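Participant: Below is a structure I'd like to ask you about.
Numbering (this note's numbering), first residue to last: 4 to 221.
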């Protein structure tokens with residue numbers, strides 16, 4: 004996996020979520036066990052925490068390491084400008100904090116995640132305070148955006164994030180032309196904690212196929 008070449012010999016980095024990141028974490032654990040790197044990770048989700056434990060990767064946090072060398076994470080959609088939709092796993096609030104704390108954000112995906120414009124296939128998630136749910140749905144509806152409360156699997160009721168909030172999945176009438184502006188407009192709605200739009204944050208996207216892998220850069 005090409006992203007492994009970017010792992011420093013020592014220091015702290017962020018570890019994200021997703022099926023492709025799980026492959027990266029396994030290989031990172033192998034490098035740790037072979038003594039080829041002495042890296043500690045800040046997990047951006049409970050899945051990332053479990054991956055680090057499973058592959059015996061040392062853990063740290065943003066209190067001890069407020070600046071990270073890099074973060075490796077996945078994405079649900081990547082557009083031609085390397086802007087992202089993240090949040091299929093529901094941890095995009097923490098993922099954005101860890102990414103912002105990093106000198107570089109490296110995204111690992113397969114080719115199915117590449118799109119011309121965001122929002123073409125995958126809904127845009129927003130994390131909202133439970134108290135504000137009805138108000139936020141009405142406000143985004145007035146903006147011409149359809150919303151649905153993300154329902155939990157295996158239990159009745161909505162998904163509850165690690166922060167105790169709900170997730171609204173937003174579907175726009177057309178693809179998102181300006182992810183940065185759209186994210187800012189959504190964040191202006193009282194009750195919206197964070198959005199799954201990652202605009203202007205990505206440094207490299209490592210794309211894997213059955214035959215090869217390649218890197219997209221700005």
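By construction, the Cβ of each residue, glycine as well, lies at the ideal position given by its N, Cα and C atoms.
None of the values given here were measured: they were computed from a predicted structure.
1. Kindly indicate which three-state DSSP category residue 57 falls into: helix, strand or coil?
2. Go through its chain and collect everything with a Cβ distance to residue 46's Cβ below 6 Å, but skip five positions before and after it.
3. Report the rounded CA-to-CA distance for residue 15 versus residue 68, giving the unit in angstroms.
4. Kindly indicate the opening and closing residues of the beta strand (DSSP E) around residue 158.
5. Looking at C-beta atoms only, is the number of pairs between the stretch 103-117 and the stretch 173-182 that lie closer than 8 Å three or more?
6. Spatial neighbours of residue 23 within its chain, please: C-beta separation below 8 Å, excluding the five flanking residues on both sides.
7. Could you check the C-alpha separation between residue 12 and residue 120 for me, to the nearest Å?
8. According to DSSP, is residue 143 helix, strand or coil?
9. Jot down the residue ranges of each uninterrupted beta strand (DSSP E) in the stretch 5-82, minimum 3 residues, whole runs only, in chain order.
Facilitator: The short version:
1. helix
2. 18, 52 and 55
3. 7 Å
4. That residue, residue 158, is in no beta strand (DSSP E); it is neither H nor E in DSSP.
5. no
6. 77, 111, 112, 113 and 211
7. So the two alpha carbons sit approximately 36 Å from each other.
8. DSSP, read as helix, strand or coil, puts residue 143 in helix.
9. 13-18, 41-46 and 74-76
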